[in-house]
Amino acid sequence: MTKILVVDIEKCSGCRICEVACSWFHEEEFNPAKARLSIVSWKKAAISYPMICEQCEKAPCKEVCPTDAIYKDEESGAWKVDEVKCIGCKFCIQVCPLGAISFFEEKRGAIKCDLCDGDPQCVKFCPMDAIEFVEEDKVGLKKKRISAEKLFATMQEIPK
Amino acid sequence: MADGYAGKYLRVDLTKEKFTILPTPEEWKRKYLGGVGMGAKIMWDEVPPEVKPLSPQNRIIFATGPVNGTLFPPSGRYEVISRSPLTGWWAHASAGGFFGPEMKYAGYDLIIIQGKAKKPVYLHIDNDLIELKSARHLWGKNVIETTDRIMEDLKDPDVKVAAIGQAGENLVRYSCIMSDYFRAAGRTGLGAVLGSKNLKAIAIRGTKGIKIANKEKFNKLLEDAFRRHSPEGRYWEYIESFRKYGTFSLTDWENAIGRLPTKNHWTGYFENAEETIGMEPMRKRHYKRHASCFGCGIQCKYSSVVKEGKYAGTESEGPEYETVEGFTSNFLSTDTSALIRANYLCNIYGMDTISVSHSISWAYESYEHGLLTKEDTDGRELIWGEDGMDDVIELLEEIPFRKTKFASLLAEGSREAARRTGKGSEAYAIHVNGLEASGQDGRPHKSLGLTYAINVRGADHLTSLSSLDELGYKEEIKRRYKKETVNILADRWDEKLKGYLVADMEELYALCDSALLCKYGVMWPPIYYHQDFGKIISAITGFTEYEDPKNLSKLAKRICHLRRCFNVRLGWSKKNDALHPRFTEEPMPTGPAKGQVVHLEPMLREYYQVRKYDWKTGYPTKKELEEVGLEDVAKELKKRKKLVPVYRGKKAFQIRK
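What follows is the structure in structure tokens.
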């Protein structure tokens, strides 16, 4: 079963540990600019959210790639970029509806989340447990539980 | 190079509009590490005593350290170092957030600023692009407006901005530098130094990476560090509380030991604080959303909002413990909405909440004793309690602009305001060496008394405070210190051995402020100790010599001595190692520590033994300075007759295992 990354928006504090862990794992340096996920934040309102590749079923990045550089890793289920085939045309970056792909300046090519071959570092290091690694078919169930919890919490607050 | 450093430093001469980029010298890295260490080296070399704090020749240094911007938690801070316009002495202040790591990602370990711009400017750095841009449209704007406008101008919502508000522009002596909107390099008035240079802000972006020396070593330490910040760690209970409430969980704990400054430090106990201004009511009333600094394993940041009443809608990150104390118990007020409002105003105008609240409370206590009258206060009756908070809020709106004579007097800080007012009002200016006392009190926590007295930047809790005796971490004391010292060290009312303890903390925090980690995790809770710094410095920089405790201790001592020598060259001597009489002569009037005073001398003697200072003059010893590698400093102090050739005092007792 393929697992994907799920974010709990209320837990993310915007500390950027996920970004730095990501670049450390992939590039052996600390550099958010080389991370495969990005924290987007509105600091004035203390709002942050990690933009993550959701490993689409019908992946526009794969569809649009003129050199077939994007392929599915059968083991992890992640869409990966073949560095040799990638010509750096940036079509995938433009077409991704989430903005989850970045351009890697040094390698002159696209980079995206590869789920760290099944052991996502962002999940491992997030101190707030804001990112979880969940089996695809459980994602909906998990969301339902979170919504139900909120619903019940609201009901408790309504005076009888 | 793979040594944790960005590798270069930037010097900006505002007078000449000139930028110089040079490799960060190997000597600076090895001998001074970064942060306050490198800052001390540069201040000593470049700022002679004739240079006044607000003159163009003064330097202001933004400094990172080798640990900044890595994954090792919590590594988001940066230090700002200069000579203080509030105290006249050595100045450093640090802030969390995201500015420090961004400096390194842009490629700079340090930004040294000197000179004075002809017109208001801001400094824009985007990796290798460096430019001074006009800040005419920003002058007169507050921190939030300035930050927003710079992001708009540069069309970059992710640019990291450190800016001053109107307080810095108008040279309010305790104005601060604000980064990421809400993070303050708060103490010692560094906002005024930027203001005096016509530098409104620094906006920085970087996309370069940091490489380190030893990946395997680092990964091992990293795993251990994250474990220590998890439920498996020794101090999870405190981290969890910090994470839920923020630093104001301290309000309850300080009040419980009678150490919560109340009514301008008159006492240390605020009745019913737990129910009125404590962590539970604060969380319930004002919590809005969680926030964080870069790379933090503790996560104590959050934003607060006022939900009802005349300040409804006021929203800001914080308040921190120090601000809670400053704007509630300090004025005998339980009005937490006024507190959130006060915090918001200090943040947007860019003022140190500690110094401004205690400068205002100086006026309140002076008024109570008839030393100030309505004529001095623009017709205000300065009264304690919730009803007096309207005037506090009004003054916070006036001080940044020096709107009236009274506001301008308060903008000078409590020491100077009392000096100008005279009539004995000095008794209510609760400062040490010009810096207003923070949310601590030495009477219930004796070692803190010494901390205030010997700190290079005045009455400050971040340079050598020991939380071990304060909050009773006996197990940690057992792990660190000799068996026979444990009970004495753990007793917060016992002055014995505390001079040695404070010296040990001062050295530990010198490493912390130079490698650049947050004090939370080092000072409190006491997660990291010397050996942890030795290992992480070695793994990141490759300076393996610091795994040897002797070399590490030498490094820490070098930094402590050099900062002190900077002050000695300015005229600091034994008489400066003193406390306000409130702490030494007025027994604590109420609360759990009732009757306590600080007996400074025994602690000071021990501290002098460790540092080998001359008991009569407070000057350093030639041999000791040479031993830690400060030969040139010794030479210059000798020329200035501020050096003692031989130490004749007692030998220090080693408390460490």
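Read top to bottom, the protein sequences are chains A and B. Quick note: to get this note's numbering, add 76 to the position in the first sequence (first position is 1). Quick note: to get this note's numbering, add 750 to the position in the second sequence (first position is 1). Each residue gets a CB set at the ideal place from its N, CA and C atoms; glycine is no exception. Being a predicted model, the structure only gives us computed values, none of them experimental.
One finds 122 in chain A with Cβ atoms closer than 8 Å to the Cβ of residue 1067 of chain B, taken in chain order. Taking 4 residues as the shortest admissible run, the segment 1232 to 1302 of chain B contains the following complete alpha helix (DSSP H) segments, listed from N- to C-terminal end: 1236 to 1240, 1248 to 1261 and 1280 to 1291. A residue is called buried when at least 16 other Cβ atoms come within 10 angstroms of its Cβ; residue 108 of chain A meets this threshold and is buried. Residue 969 of chain B is positioned such that its CB atom lies no closer than 8 Å to that of residue 1114 of chain B. Beyond the five residues adjoining it in sequence on each side, residue 141 of chain A comes within less than 7 Å, by CB distance, of 167 and 168 in the same chain, given in chain order. In the displayed model, residue 876 of chain B falls within a strand according to three-state DSSP.
Any Cβ of chain B closer than 8 Å to the Cβ of residue 208 of chain A would place that residue at the interface, and such an atom is absent. At a C-beta separation below 8 Å, residue 844 of chain B has no neighbours in chain A, since its nearest C-beta there lies roughly 17 Å away. With a contact defined as Cβ atoms closer than 8 Å, residue 1266 of chain B and residue 828 of chain B qualify at about 7 Å.
Exposed is the label assigned to residue 1022 of chain B, since fewer than 16 other Cβ atoms lie within 10 Å of its Cβ.
Interface annotation, residue 930 of chain B: in contact with chain A, CB-CB separation under 8 Å. Nearest CB-CB separation between residue 127 of chain A and chain B: not below the 8 Å threshold. The beta carbons of residue 923 of chain B and residue 1163 of chain B sit about 5 Å from each other, so the pair counts as a contact at 8 Å. For residue 127 of chain A, the enclosing beta strand (DSSP E) covers residues 123 to 127. With its beta carbon less than 8 Å from one in chain B, residue 100 of chain A belongs to the interface. Distance from residue 1390 of chain B to residue 1319 of chain B at the Cβ level is roughly 6 Å; contact confirmed, criterion being Cβ atoms closer than 8 Å.
Close CB contacts of residue 1095 of chain B within its chain, under the 6 Å cut and outside five residues either way in sequence, are with 1146 (chain order).
In this structure, residue 806 of chain B and residue 865 of chain B form a Cβ contact; the two beta carbons are roughly 5 Å apart against a cut-off of 8 Å. By the 16-neighbour rule on beta-carbons within 10 angstroms, residue 881 of chain B is exposed. The straight-line gap separating the alpha-carbon atoms of residue 918 of chain B and residue 762 of chain B is approximately 19 Å. Among the residues of the segment 808 to 825 of chain B, those with a Cβ less than 8 Å away from any Cβ of chain A are 819, 820, 821 and 823, in the order of the chain. Residue 950 of chain B is positioned such that its CB atom lies closer than 8 Å to that of residue 885 of chain B.
Among the residues of the segment 1098 to 1116 of chain B, none has a Cβ less than 8 Å away from any Cβ of chain A. In the assembly as shown, residue 178 of chain A is a buried residue. Its beta-carbon has 16 or more other beta-carbons within 10 Å. Listed along chain B are 821 and 976, each with a C-beta nearer than 8 Å to that of residue 201 of chain A. Within the segment 950 to 965 of chain B, the residues whose Cβ lies closer than 9 Å to any Cβ of chain A are, in chain order, 956, 957, 958, 959, 960, 961, 962 and 965. Beta-bridge pairing by DSSP links residue 864 of chain B to B/763.
Identification of chain A residues near residue 1036 of chain B by a Cβ-Cβ cut-off of 9 Å yields none; the smallest Cβ-Cβ distance measures about 13 Å. Here residue 1020 of chain B is near residue 1005 of chain B, since their CB atoms are less than 8 Å apart. Here the C-alpha atom of residue 187 of chain A lies approximately 22 Å from the C-alpha atom of residue 909 of chain B. The three-state reading of DSSP puts residue 223 of chain A in helix, counting H, G and I together. Interface flag for residue 106 of chain A against chain B is set, since a Cβ pair is found closer than 8 Å. In terms of Cα proximity to residue 1168 of chain B, the closest of B/914, B/1061, B/1032 and B/1116 is B/1116. A Cβ-Cβ contact shorter than 8 Å links residue 904 of chain B with residue 953 of chain B. For residue 1041 of chain B, the C-beta contacts it makes with chain A under 7 Å involve 89, 90 and 122, in order along the chain. Contact between residue 1122 of chain B and residue 1197 of chain B does not hold, since the beta-carbon distance rounds to 34 Å and is not under 8 Å.
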